[in-house]
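Trainee: Following the numbering used here, the numbering of the sequence shown begins with 138 at its first residue and continues without gaps.
The C-beta atom is built at its ideal place from N, Cα and C for all residues, glycine as well.
Remember, predicted model here, so these are calculated numbers, not experimental data.
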Amino acid sequence: MKKDIIEKILRETETGYDLISGKFSATRKKFWGSLEFIGDYAKSGDRVFDFGCGNGRLLELFGGKNIEYFGADVSEKLSKEGRKKYAGVFPNISFSKLDPLQTSLPFKSDYFNTVYSIAVFHHFPSKEYRLEMAKELYRVLQPGGYAIITVWNLWPTFASLWRGKQKKYYKNIFENWKNKILGKSDLDWNDCWVSFTDNQGKVFNRYHHVFTLRELKLLFFKAGFSALKAKKVGHNLVVILRKQPREGMEVILENKKAPTPLVVESAV
138 MKKDIIEKIL RETETGYDLI SGKFSATRKK FWGSLEFIGD YAKSGDRVFD
188 FGCGNGRLLE LFGGKNIEYF GADVSEKLSK EGRKKYAGVF PNISFSKLDP
238 LQTSLPFKSD YFNTVYSIAV FHHFPSKEYR LEMAKELYRV LQPGGYAIIT
288 VWNLWPTFAS LWRGKQKKYY KNIFENWKNK ILGKSDLDWN DCWVSFTDNQ
338 GKVFNRYHHV FTLRELKLLF FKAGFSALKA KKVGHNLVVI LRKQPREGME
388 VILENKKAPT PLVVESAV
């Protein structure tokens, strides 16, 4: 994908989420019940990074935990929504605005115990940009720390198509394939647009890259992570990752309470 197209998509994502922030936040007050298990990877005393935090609803998973939370998003309005909602509930939280064209995160290396990125990476255009940001998450995560990444699973199954579910996504994917063949698309293969309309009728066409589970795992392998688990959960793809501890840290980490060991599931 050409650089000017990448930058255009990133800026449109930034302004688009500000445009629809009111309805978007109002319809996303609680966290997905099927993904609540990912909250177990943050322990009391941890420094947690929520990359692409939106309105901060990930915090719903951390009730009763004394964590230091850092949320960052390209949408200033969504970040403000999160600050307003959770500032009086969690004592150690901060929200910041990110510039999507700046691929260096404003944090020291090895700074966070746990990193989350929920429904974010499918909005990143081009393999190169996605890899740059994956490497940045690896950099800011402490050795031995966990990274939990989810993206939408837009690939329709035969059953979902038969019931009419996800049909619109299939059409969007197919439309880009057709335009790629005809030389009329600036997007990459397996990219598409997904629209969102707010209460005032404002439409934001959101860029999406349609990941496979195998592709998502490979992206973070290339960034340096080890995968503990990769699975489909509802309409989401989830990978649980780890930054390997440095030599000599294993004994210390063994004494820390960690989630139940996970088995890597086959990716398709």
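(1) Residue 226 by DSSP, collapsed to three states: which one?
(2) Return the CA-CA distance between residue 146 and residue 217, expressed in angstroms with no decimal places.
(3) Are the beta-carbon atoms belonging to residue 288 and residue 333 less than 7 Å from one another?
(4) Would you call the region 250-257 in contact with the region 220-228, where contact means no fewer than 3 C-beta pairs closer than 8 Å?
(5) Could you spell out where the beta strand (DSSP E) holding residue 343 opens and where it closes?
(6) Excluding the 5 residues preceding and the 5 following residue 341 in the sequence, name in chain order all residues of the same chain whose CB lies nearer than 6 Å to its CB.
(7) Report the partner residues of residue 232 according to the DSSP bridge assignment.
(8) Ends of the beta strand (DSSP E) at residue 447?
(9) So, are the CB atoms of residue 278 and residue 249 less than 7 Å apart?
(10) Hey, how far is the Cα of residue 144 from the Cα of residue 174?
(11) Of all the alpha helix (DSSP H) runs that stay within the bounds of the region 248-332, which reach a length of 4 or more residues?
(12) Can you check DSSP and say which residues form a bridge with residue 192?
(13) Considering only the alpha carbon of each residue, which of 379, 359, 330 and 356 lies closest to residue 366?
(14) Taking its Cβ as the centre, do 16 or more other Cβ atoms sit within 10 Å of residue 384, making it buried, or is it exposed?
(15) Quick one: give me the first and last residue of the beta strand (DSSP E) that residue 369 is part of.
(16) Which of the three DSSP states, helix, strand or coil, is assigned to residue 186?
(17) Output the distance between the C-alpha atoms of residue 184 and residue 229, rounded to the nearest integer angstrom.
(18) Which of helix, strand or coil does DSSP assign to residue 334?
(19) Suppose you measure from the CA of residue 211 to the CA of residue 238; what does that come to, to the nearest Å?
Mentor: Quick answer:
(1) Residue 226 sits at position 89 when you count from the first residue of the sequence shown. Residue state, collapsed to three classes: coil.
(2) Locating residue 146 in the sequence shown gives position 9, where the first residue counts as 1. Locating residue 217 in the sequence shown gives position 80, where the first residue counts as 1. If I take the Cα positions, the gap works out to 23 Å.
(3) For the purposes of this step, residue 288 is identified with residue 151 of the sequence shown, where counting begins at 1. For the purposes of this step, residue 333 is identified with residue 196 of the sequence shown, where counting begins at 1. It is not a contact, given that the beta carbons lie outside the stated cut-off.
(4) no
(5) Taking the sequence shown and counting its residues from 1, one reaches residue 343 at position 206. From DSSP, the beta strand (DSSP E) with residue 343 extends over 340-346.
(6) Within the sequence shown, the letter at position 204 stands for residue 341. These residues qualify, in order along the chain: 153, 156, 157 and 333.
(7) For the purposes of this step, residue 232 is taken as residue 95 along the sequence shown, with counting starting at 1. Answer is 208, bridged to residue 232.
(8) Since the first residue shown for the chain is 138 and the last is 405, residue 447 is missing from the structure and cannot be characterised.
(9) As a working note, residue 278 is residue 141 in the sequence shown. As a working note, residue 249 is residue 112 in the sequence shown. Yes, Cβ-Cβ distance for residue 278 and residue 249 is below 7 Å.
(10) Within the sequence shown, numbered from 1, the residue matching residue 144 stands at position 7. Within the sequence shown, numbered from 1, the residue matching residue 174 stands at position 37. Approximately 35 Å, taken between the alpha carbons.
(11) Runs found: 264-277, 295-299 and 304-318.
(12) Along the sequence shown, one-based indexing puts residue 192 at 55. For residue 192, which the question treats as bridged, DSSP gives no partner whatsoever.
(13) Counted from its first residue, the sequence shown places residue 366 at position 229. Nearest of 379, 359, 330 and 356 to residue 366, Cα basis: 379.
(14) Within the sequence shown, residue 384 is the residue found at index 247, counting from 1. Exposed.
(15) In the sequence shown, the residue the question calls residue 369 occupies position 232. Element bounds for residue 369: 363-370.
(16) For the purposes of this step, residue 186 is taken as the residue at position 49 of the sequence shown. Here residue 186 sits in strand by DSSP.
(17) Within the sequence shown, numbered from 1, the residue matching residue 184 stands at position 47. Within the sequence shown, numbered from 1, the residue matching residue 229 stands at position 92. Between residue 184 and residue 229, the C-alpha separation is close to 10 Å.
(18) The sequence position of residue 334 within the sequence shown is 197, counting from 1. Here residue 334 sits in strand by DSSP.
(19) For this step, residue 211 is matched to residue 74 along the sequence shown. For this step, residue 238 is matched to residue 101 along the sequence shown. Their backbone Cα atoms lie some 10 Å apart in a straight line.
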